[in-house]
Amino acid sequence: MARAQFGAETSTGGEFVRQPNRFTHRITSDGSSPWPVEAGRYRLIVSLACPWAHRALIVRRLLGLEQAISLGVVDPIRDERGWRFSLDEGGRDPVLGIEYLSEAYLATDPEFQGRVTVPCLVDVRSGQVVTNDYPRITLDLATEWRDLHRPGAPDLYPAPFRAEIDQVSEPIFRNVNNGVYRCGFATSQEAYEAAFHDLFGELDRLSNRLLGQRYLVGDSISEADIRLFTTLVRFDAVYHGHFKCNRQKLSELPVLWAYARDLFQTPGFGETVNFDHIKRHYYQTHEQLNPNRIVPAGPDLTRWHDPHGRASLGGTPFGEGTPPTGLSLI
Ligand SMILES: N[C@@H](CCC(=O)N[C@@H](CS)C(=O)NCC(=O)O)C(=O)O
1 MARAQFGAET STGGEFVRQP NRFTHRITSD GSSPWPVEAG RYRLIVSLAC
51 PWAHRALIVR RLLGLEQAIS LGVVDPIRDE RGWRFSLDEG GRDPVLGIEY
101 LSEAYLATDP EFQGRVTVPC LVDVRSGQVV TNDYPRITLD LATEWRDLHR
151 PGAPDLYPAP FRAEIDQVSE PIFRNVNNGV YRCGFATSQE AYEAAFHDLF
201 GELDRLSNRL LGQRYLVGDS ISEADIRLFT TLVRFDAVYH GHFKCNRQKL
251 SELPVLWAYA RDLFQTPGFG ETVNFDHIKR HYYQTHEQLN PNRIVPAGPD
301 LTRWHDPHGR ASLGGTPFGE GTPPTGLSLI
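Quick note on numbering: the sequence shown equals residues 1 to 330 in UniProt numbering.
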């Protein structure tokens, strides 16, 4: 069988099986965990290339949590020691004082041997990783951090819609968010084709759902839209070619392409997208998939600004709440 990009996460059938999240503490507002919600206490570490981290970046921005939770951005290219803070002066994160994210992981669990991943929230005082549980991070930002949200911040996980958001998000995770990785990291033809079939079957179902409604659940943007967006925005730039997700490009799926442009053009979304980091990260760090590390010159990104025509479906991006205005730079 072909050599795997991540051997420890590849089944004997050649399927990519993602490692569990190592740190799953929760930051809570009611004293139910040792980690209280507190402005200035935690630092969010992201790669702008990473779709899982991108969720947290968008949510933090939409909720106006930029002052409460500081942000560290790693170099999109990992070296043999992993994610590094080489974009910062002196190659160190200015708040945590570390050069590599692995230093925080090992300070928390000296025995840790898995992949050191983003996103994670680090306790600034102790330098320990509180959580790298990416699905929980965004839900907790939306619910536990409410007291520190900007005035009029949208409710991204509204109680009446939680069951539906969870229901829609589960197959999006399995077939789309993780589905593109299951295509790209498969090491057998069968595993690749199964993942490919699941991915495009799900995209077809989502296209049908979004034909007559502007957003996935309810009349405004929710956590479910954010989760789908971060994969769609990377689709033509990396997944179509690099991960062989090539039944169609996103730009050849009219409903999803217009839906993704609608979100891209909504404050809080487009300005968090860094196509340079995205392209360089994928094409230059998966040496099994792209040994010559050449980064494709395309696609034409200007089309993300084309009119989307979705407003006629009704719904407003942020519902009843005041739309976020004057968003600061990340
Ligand atoms: N925490 C999750 C998902 C987050 C994740 O995979 N992040 C990627 C970037 S998109 C990462 O940090 N990868 C580090 C590596 O592969 O060494 C996992 O362990 O699979």
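Beta carbons are placed, not taken as given, at the ideal position from N, Cα and C, and that holds for glycine.
- Between the alpha carbons of Gly212 and Arg310 lies a distance of about 10 angstroms.
- In the displayed model, Thr187 falls within coil according to three-state DSSP, outside both helix and strand.
- Taking C-alpha positions only, Gly298 is separated from Arg136 by approximately 34 angstroms.
- DSSP places Val124 in the coil class of the three-state scheme, outside both helix and strand.
- In this structure, the straight-line span from the alpha carbon of Ala39 to that of Ser33 is close to 16 angstroms.
- Pro119 is not a Cβ neighbour of Ala49, given a cutoff of 7 angstroms.
- Secondary structure note for Thr131: it is in no alpha helix (DSSP H), and the uninterrupted beta strand (DSSP E) holding it is 129–131.
- Judged by their CB atoms, Asp225 and Tyr239 are not nearer to each other than the 7 angstroms cut-off.
- Remark: C-beta atoms of Ser188 and Gly7 do not approach each other more closely than 7 angstroms.
- Between Ser126 and Val116, the C-beta gap is not smaller than 7 angstroms, which leaves the two residues out of contact.
- Ligand 1 has no heavy atom closer than 6 angstroms to the beta-carbon of Gln288.
- In this structure, DSSP gives Leu87 a state outside helix and strand, which the three-state scheme calls coil.
- Closer than 6 angstroms to some heavy atom of ligand 1: that describes the Cβ of Gln19.
- The alpha-carbon separation between Ser251 and Glu89 amounts to approximately 38 angstroms.
- Shortest gap from the CB of Asn178 to any heavy atom of ligand 1: 6 angstroms or more.
- About 11 angstroms separates the beta carbon of Leu65 from that of Leu121, a gap too long to meet the 8 angstroms contact definition.
- No residue range can be given for Arg174, since it is assigned to no beta strand (DSSP E) and is classified by DSSP as neither H nor E.
- The closest heavy atom of ligand 1 lies 6 angstroms or more from the beta carbon of Arg55.
- Counting only unbroken stretches of 4 or more residues, the alpha helix (DSSP H) elements lying wholly within the UniProt domain "GST C-terminal" (158–285) are 162–171, 179–184, 189–211, 223–234, 254–264, 275–285, in sequence order.
- The three-state secondary structure of Pro20, taken from DSSP, is coil.
- Residue environment for His305: exposed (fewer than 16 other C-beta atoms within 10 angstroms of its C-beta).
- Going by beta carbons, Arg227 and Ser169 fall inside the 7 angstroms limit.
- For Ile58, there is no enclosing beta strand (DSSP E); the residue is part of the alpha helix (DSSP H) that begins and ends at 51–62.
- Thr143 sits in a helix when the DSSP states are folded into three classes.
- By the neighbour-count criterion, in which 16 or more other beta carbons inside 10 Å mark a residue as buried, Ala163 falls on the exposed side.
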